[in-house]
Amino acid sequence: MPQPAIAGEGSFLAHLRTASPNACFQCNRCTAGCPLAPAMDLTPAQVVHYLLLGDWEPALQSQSIWACVHCETCTARCPQQVDVSKLFHLARAVAWRSGRVAPDQAIATYFASFIENLYIYGRAAELPLTVICKLKSEDYLRDFTLGLRLISRGRLNFLNIPRGAARYRRLYERVRQQEAQTA
Ligand code: SF4
Ligand code: SF4
Numbered sequence: 230m231p232q233p234a235i236a237g238e239g240s241f242l243a244h245l246r247t248a249s250p251n252a253c254f255q256c257n258r259c260t261a262g263c264p265l266a267p268a269m270d271l272t273p274a275q276v277v278h279y280l281l282l283g284d285w286e287p288a289l290q291s292q293s294i295w296a297c298v299h300c301e302t303c304t305a306r307c308p309q310q311v312d313v314s315k316l317f318h319l320a321r322a323v324a325w326r327s328g329r330v331a332p333d334q335a336i337a338t339y340f341a342s343f344i345e346n347l348y349i350y351g352r353a354a355e356l357p358l359t360v361i362c363k364l365k366s367e368d369y370l371r372d373f374t375l376g377l378r379l380i381s382r383g384r385l386n387f388l389n390i391p392r393g394a395a396r397y398r399r400l401y402e403r404v405r406q407q408e409a410q411t412a
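The numbers in the numbering used here rise by one with no breaks, and the one at position 122 of the sequence shown is 351.
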């Protein structure tokens with residue numbers, strides 16, 4: 230498999246091997262089971278194929294790696310034990326770190342807000358995530374009625390603000406320092 234043409238992402242190759250893309254024989258069972266396939270421009274099997282060939286750019290530029298919700302259906306369905314979900318996760322991490330964003334602006338904004346939220350609270354906090362996302366997108370009414378429905382059914386809990394945020398930020402800073410030392 231060729232080396233990645235992505236500065237500072239040498240470890241991507243090692244992680245990639247642990248997900249066994251080389252075992253893929255393109256049966257498309259992953260694609261058939263993926264609930265997000267209709268929202269993707271490359272099917273899960275195509276993403277695996279590009280990564281296995283070392284031709285990463287089409288995968289890194291695709292909408293697919295951002296549309297994936299990591300439900301792991303693809304991984305569970307694969308007869309070759311290819312960890313398709315992990316491959317999507319790796320591709321998205323590399324794309325993000327190398328400055329690529331989702332082609333769909335709404336997904337790009339949500340993902341940036343989600344990462345910011347994780348950095349502040351250590352995990353998803355619904356109220357701050359919603360506020361950050363709305364401020365970034367400046368689209369304050371989008372999904373408003375959907376949000377009301379979710380609140381009325383108890384699926385959104387805006388009062389649940391995670392504790393221990395400072396601890397998470399120290400942890401992230403330590404990881405960043407370690408990454409900078411090994412880069
Ligand atoms: S299910 Fe597994 S073997 Fe089949 S196409 Fe997907 S990754 Fe390849
Ligand atoms: S993990 Fe991602 S690619 Fe796999 S089935 Fe779920 S949404 Fe689709």
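Note that the Cβ used here is the ideal one computed from N, Cα and C, for glycine as well.
Nearest-angstrom Cα separation, counted from residue j out to residue i
{"i": "Ser381", "j": "Phe387", "result": "12 angstroms"}
{"i": "Ile349", "j": "Ile361", "result": "11 angstroms"}
{"i": "Val323", "j": "Arg384", "result": "32 angstroms"}
{"i": "Ala395", "j": "Leu319", "result": "27 angstroms"}
{"i": "Gln232", "j": "Tyr279", "result": "Because Gln232 carries a pLDDT of 39, less than 50, the predicted location of this residue cannot be relied on, and the following value inherits that uncertainty. C-alpha separation (whole angstroms): 14 angstroms."}
{"i": "Gln310", "j": "Leu282", "result": "18 angstroms"}
{"i": "Met230", "j": "Glu286", "result": "Here Met230 scores only 37 on pLDDT, less than 50, and its place in the model is too uncertain to base an answer on."}
{"i": "Ala236", "j": "Ser291", "result": "Only weak support exists for where Ala236 lies, its pLDDT of 43 falling under 50; the value from the coordinates is given anyway. If I take the Cα positions, the gap works out to 19 angstroms."}
{"i": "Gln410", "j": "Arg398", "result": "18 angstroms"}
{"i": "Val330", "j": "Cys253", "result": "27 angstroms"}
Bounding residues of the alpha helix (DSSP H) (the contiguous stretch that carries residue i)
{"i": "Arg378", "result": "373 to 381"}
{"i": "Gly262", "result": "258 to 262"}
{"i": "Leu281", "result": "273 to 282"}
{"i": "Ala288", "result": "286 to 289"}
From the options, residue whose alpha carbon lies closest to that of residue i
{"i": "Ser366", "options": "His244, Asp333, Gly393", "result": "Asp333"}
{"i": "Arg258", "options": "Thr304, Arg384, Pro391", "result": "Thr304"}
{"i": "Gln255", "options": "Pro308, Gly283, Pro391", "result": "Pro308"}
{"i": "Thr338", "options": "Tyr369, Leu316, Leu245, Gln406", "result": "Tyr369"}
{"i": "Pro391", "options": "Ala354, Arg246, Phe373, Gln410", "result": "Ala354"}
{"i": "Phe241", "options": "Trp325, Ala261, Arg378", "result": "Trp325"}
Rounded distance between the beta-carbons of residue j and residue i, thought under 8 angstroms
{"i": "Gly393", "j": "Gly351", "result": "6 angstroms"}
{"i": "Ala182", "j": "Ala243", "result": "The chain is shown only over 230 to 412; residue 182 falls outside these bounds and no answer can be derived."}
{"i": "Ser342", "j": "Leu358", "result": "6 angstroms"}
Ligand 4 heavy atom lying under 8 angstroms from the CB of residue i
{"i": "Cys263", "result": "What this structure holds is ligand 1 and ligand 2, not ligand 4."}
Exercise for the section: Would you mind listing the beta strand (DSSP E) stretches within the segment 295 to 372 that are 3+ residues and don't spill past its ends, in chain order? Expected result: DSSP assignment within the segment 295 to 372 yields no whole beta strand (DSSP E) run of 3 residues or more.
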